[in-house]
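Chemist:
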Amino acid sequence: MKAANLHLELPTLTPKAEALRQEVRAFIAEERSSGRLPPPRRIGLGFDKDMSRRIAQKGWIGLTWPKQYGGQERSALERYVLNEELLAAAVPVGAHWVADRQSGPVLLKFGTDAQRRFYLPRIAAGELTFSIGMSEPESGSDLASLKARADKVDGGWRLNGRKIWTTNAHHAQYIIVLARTSVAEGSRHEGLSQLIVDMTSPGISISPIVSMAHEHDFNEVLFEDVFVGDDALIGKEGNGWNQVSAELAFERSGPERWLSSFRLISELVDVLGPDVRPSSLEELGRLISHLLSLRQLSMSVASMLQQGKSPNMEASIVKDLGTKFEQEAVRVVRNIVSAEDLIANGRAERLRALLIHAQQYAPAFTIRGGTNEILRGIIARGIGLR
Ligand SMILES: Cc1cc2nc3c(=O)[nH]c(=O)nc-3n(C[C@H](O)[C@H](O)[C@H](O)COP(=O)(O)OP(=O)(O)OC[C@H]3O[C@@H](n4cnc5c(N)ncnc54)[C@H](O)[C@@H]3O)c2cc1C
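Per this note's numbering, numbering of the sequence shown is gapless, rising by one per residue and ending at 397.
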């Protein structure tokens, strides 16, 4: 086993990063006291366009991007601290999350200068919501088997296909679609390309998919002869698989992979009084110690991104461990709530709402962004077991 392939270093946070943490906390306190940020009753990323604009006004979207594209040229670890604070306080960041985390970085890494100039400042201003058009009804884990295709026509591409589970497609201005643009001669991974598509283009229809938690977050999106110009192609034609792999490293490593249930834990801590059973304290203590070690892992991936590395395997480890932790957190909180009889005695109305939502939502943790079985395959390959 090539364990030497695994590079995880423990970074330390700079005074600048800690100063940013205080700024973010002050912003959240102000939002709470003004009533613009009510305490959450659900877990996961809420969607609030106005909140995204206020976050943008602070310069906190595209924080690491070059100033010429609307960014602040701050470090990946500072971005890490920002997101950690926003997520721990359950600030609704869903309107800009995908654009900030992966669509913008993909354009920075592979896009043309014209694409960067057009999209990035508008993302940084909190104006644009992006969605991810990868999964299809018959292609999720085996993404390379996808059937969406874009055929070359005069001045652009004609796109046909069906994407599914597209989070926030009904709110988004743009979607980045992975489609086949040429027939692969060798590997199926060749001949795929990424296209940036305006959601108002003729030929697009969006149907809602309502989740088990009775929420409309994701959709099915149908593309019928949708024309996109040559300037919609991101990077090189046929290089989509490599680009998507880089994009998924951004998607898999962030603190959202282990902080979704944090609000549930902190609400429980707020509700628990001084007389807690030792068994409850022990379970809670174990949970918090796991949380702290995940935090170190996640920070070390942020530090690798800062150094310009592509930590695909390390990001997969964070997501695998982090999402299992999130599901475990729901189980532990439920046990403690029941052992301490918190709901029956009426002390915990908000905790109850959060717990109900978390139980309905938790199965998604280990599916979204690539299932844990698939991540373990990536980890096994990374350490030389496959
Ligand atoms: C909350 C949420 C949001 C999402 N948002 C988006 C989005 O915005 N855009 C987007 O494109 N997609 C999105 N997805 C889709 C997500 O990426 C897919 O659901 C995921 O990749 C799994 O694909 P699938 O659902 O087709 O399952 P399948 O691939 O059919 O897998 C079914 C089961 O088989 C297992 N399995 C499959 N292949 C293997 C294998 N080779 N070895 C071992 N086990 C295997 C899987 O682990 C899984 O348990 C979202 C999903 C969720 C839950």
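Quick reminder that beta carbons are idealized off the backbone N, C-alpha and C, glycines included.
Going by beta-carbon coordinates alone, are I186 and S142 separated by less than 8 Å?
Modeler: Yes, these two residues count as a Cβ contact at 8 Å.
Chemist: Suppose you measure from the CA of F129 to the CA of A313; what does that come to, to the nearest Å?
Modeler: C-alpha separation (whole angstroms): 27 Å.
Chemist: Go ahead and pull the three-state DSSP assignment for G166.
Modeler: Correct three-state label for G166: coil.
Chemist: Return the chain-ordered ranges of every alpha helix (DSSP H) run that is complete within the region 89 to 113 and spans a minimum of 4 residues.
Modeler: Entirely contained in the region 89 to 113, the alpha helix (DSSP H) runs reaching 4 residues are, in chain order, 105 to 109.
Chemist: Using the Cα positions of L365 and L270, report the straight-line distance between them to the nearest angstrom.
Modeler: C-alpha separation (whole angstroms): 14 Å.
Chemist: Between Q205, V92, L170, E258, which lies nearest to P213 when the distance is taken from Cα to Cα?
Modeler: Out of Q205, V92, L170, E258, L170 has the C-alpha closest to the C-alpha of P213.
Chemist: For A257 and V117, what's the separation of their Cα atoms in angstroms?
Modeler: The straight-line gap from Cα to Cα measures roughly 8 Å.
Chemist: DSSP beta-bridge partners for S216?
Modeler: BP columns for S216 point to L233.
Chemist: If we ignore side chains and look at the alpha-carbon of each, how far apart do G319 and V164 end up?
Modeler: Cα-Cα distance, rounded: 36 Å.
Chemist: For ligand 1, any of its heavy atoms closer than 7 Å to the Cβ of R379?
Modeler: True, at least one ligand heavy atom lies under 7 Å from that Cβ.
Chemist: To which residues of the same chain is M12 closer than 8 Å at the C-beta, ignoring the five residues directly before and after it?
Modeler: Because the pLDDT of M12 is 38, which lies under 50, any placement of that residue in the model is unreliable, and the number read from its coordinates should be weighed accordingly. So the list reads I394, G395, L396, once near-sequence residues are dropped.
Chemist: What residues match up with G395 in a beta bridge as DSSP calls it?
Modeler: Looking at the DSSP assignment, G395 forms no beta bridge with any residue, so it has no partner.
Chemist: From which residue to which residue does the beta strand (DSSP E) around Q205 run?
Modeler: Where Q205 is concerned, the enclosing beta strand (DSSP E) stretches over 203 to 209.
Chemist: Below 8 Å, can you find three or more Cβ-Cβ pairs linking the region 297 to 316 to the region 119 to 129?
Modeler: Short answer: they don't touch.
Chemist: Residues in the same chain with beta-carbon distance under 8 Å from F234, minus the five sequence neighbours each way, listed in chain order, please.
Modeler: So the qualifying residues of the chain are A159, L170, N171, G172, R173, K174, V188, V208, G214, I215.
Chemist: For P26, which residues of its own chain have a beta-carbon under 6 Å away from its beta-carbon, when the five flanking residues on both sides are left out?
Modeler: Counting only Cβ-Cβ distances below 6 Å, and skipping sequence neighbours, we find nothing.
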